[in-house]
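In this note's numbering, the protein residues as written are 204 to 563.
Glycine included, each C-beta is placed from N, C-alpha and C at the ideal position.
What follows is a set of notes on a single structure, which appears directly below.
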C-alpha cells in the first residue's frame with residue numbers, strides 16, 4: 204500500500220516547515236573486491252546524534268550471513284536493509300540538527316573460522332546528501348543511489364603511502380516523509396526505539412516500495428469514511444471466504460486420504476494373497492525338484508552298479524577266451540616224434556607220408 208501525504212496547505216504542497224515524522228533507510232546492495240577474495244560481510248555504526256535515539260544494540264548493523272566474494276565479481280549482500288524511524292522534525296532541523304555532518308563509516312570484514320573478524324576495507328556515507336536527492340514519488344520519498352569506492356584498511360597498505368582502493372560497494376539511502384500533524388508522532392527518546400522498522404530480513408527485491416502508514420479512517424466529522432467501511436467489509440468477506448476454503452480444503456484432503464487408504468489397503472491385501480500363492484507354488488516346485496534329484500541319484504547308483512557288473516563279466520569272458528585259445532593252440536601243435544618222422548620222410552622224398560604224419 205502506497206501512502207500519499209495529505210496536503211498541509213491550500214496549495215497542495217506539504218508544509219515542510221512544520222514537524223514531520225521521517226524514516227531513514229539504508230541498504231547495501233552489492234560488493235566488488237579487486238585485490239583479494241574474502242568471506243565478506245558489511246557492518247556500520249550509527250553516528251551521533253542518531254545513536255541517542257535508539258537502543259545501542261540497534262545502532263550497530265551487520266549483514267548476515269557472510270558471503271564468498273571473489274575478485275572482480277559483483278556479489279550481492281544478503282539481509283542488508285535497515286530502516287530507522289526518526290522523531291517529528293522540520294526539514295531545517297532535520298538537516299542542521301540530525302543529519303548535518305553525520306557520516307556512517309562502513310567496514311567490509313572477512314570472516315574466518317579460526318581467527319577473529321578482520322577489517323579489509325572501509326568507506327563512508329554522508330547522510331545529509333539524501334536531502335538533496337529528488338523525490339521518487341508523491342509520498343515524499345527521496346532515494347539516493349551511490350557507488351562508493353572501498354579503501355584498504357591501514358593494516359593492508361603501506362603506512363606512508365596513499366590510501367589504496369580495493370573495490371566498490373553499491374548503497375541506497377531512502378528518506379521518507381511520513382506526514383505532518385496527521386502522522387503519528389514519535390517521541391525523541393522514549394518511543395523512538397519502539398517505532399523502529401527493522402526490515403533487515405527482507406530481500407532487496409521486496410523493498411522497492413517500503414510500507415508506509417495508511418490514511419486516516421475517519422473524516423473531519425469523526426465518522427467512518429465509506430471507502431474505509433467498504434474496505435473493512437471486503438476484508439471481512441475475504442477472511443470468511445478463506446476460512447470456508449480452508450474447511451473445504453481440509454474436507455477434500457480427508458476424503459482423498461480416506462480413498463487413498465482404502466486403495467492402499469486393497470492393494471496390500473491383494474499383494475499379500477499373491478505373495479502367499481507364489482510362496483506355495485515355489486514350495487511345491489521345490490518338493491518336486493528334491494524328489495526328482497533323489498530319483499536321479501538312485502538311477503546314477505544303479506547305472507554305476509550295472510557298469511561294474513558289465514566290467515566284471517567282460518573281464519571273465521576275456522579270461523575264458525584266452526584260456527580256450529591256449530588250449531586250442533596246445534592241441535594243434537605237432538609232437539616231437541611226429542616231427543622226426545616227417546623229417547625222415549622228407550629226406551626220402553615221400554611227401555604223402557609227411558602230410559599224413561603231420562595230420563595225425
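Closest Cα partner of residue i within the set the options
i           : options               : result
residue 308 : 318, 327 and 322      : 327
residue 241 : 270, 228 and 233      : 270
residue 246 : 450, 471, 347 and 281 : 281
residue 248 : 291, 329 and 236      : 329
residue 313 : 257, 337 and 268      : 268
residue 349 : 534, 337, 470 and 376 : 376
residue 237 : 335, 499 and 368      : 368
C-beta atoms of residue i and residue j nearer than 8 Å
i           : j           : result
residue 293 : residue 379 : no
residue 370 : residue 223 : no
residue 322 : residue 310 : yes
residue 466 : residue 374 : no
residue 333 : residue 250 : no
residue 372 : residue 354 : no
residue 297 : residue 226 : no
residue 356 : residue 325 : yes
residue 243 : residue 279 : no
residue 301 : residue 253 : yes
Residues that residue i bridges to, as DSSP identifies them
i           : result
residue 440 : Note: residue 440 sits in no beta bridge, so no partner.
residue 228 : 286 and 377
residue 270 : 243
residue 349 : 374
residue 472 : DSSP lists no partner for residue 472.
residue 233 : 279 and 373
residue 368 : 354
residue 344 : 379
residue 223 : 292
residue 533 : According to DSSP, which records beta bridges pairwise, residue 533 is partnered with nothing at all.
residue 307 : 328
residue 312 : 244 and 322
beta-carbon residue i near the ligand ATP non-hydrogen atom, thresh 7 Å
i           : result
residue 285 : Looking for the ligand ATP in the displayed structure turns up nothing, as the structure carries no ligands at all.
Residue range of the beta strand (DSSP E) that includes residue i
i           : result
residue 322 : 321 to 329
residue 265 : 263 to 265
residue 333 : Looking at the DSSP string, residue 333 is not in any beta strand (DSSP E), and its letter there is neither H nor E.
residue 299 : Where residue 299 is concerned, there is no enclosing beta strand (DSSP E), given that its DSSP letter is neither H nor E.
Residue i at chain D interface by Cβ criterion, 8 Å
i           : result
residue 502 : No chain D appears in the structure shown, which is made up of a single protein chain.
Touching by the beta-carbon criterion (3+ pairs, under 8 Å), the segment 254 to 268 and the segment 276 to 292: yes
Evaluate contact between the segment 274 to 283 and the segment 341 to 352, counting only Cβ atoms and requiring at least three cross-stretch pairs below 8 Å. In the pairwise beta carbon analysis, the segment 274 to 283 is classified as not touching the segment 341 to 352: fewer than three pairs are separated by under 8 Å.
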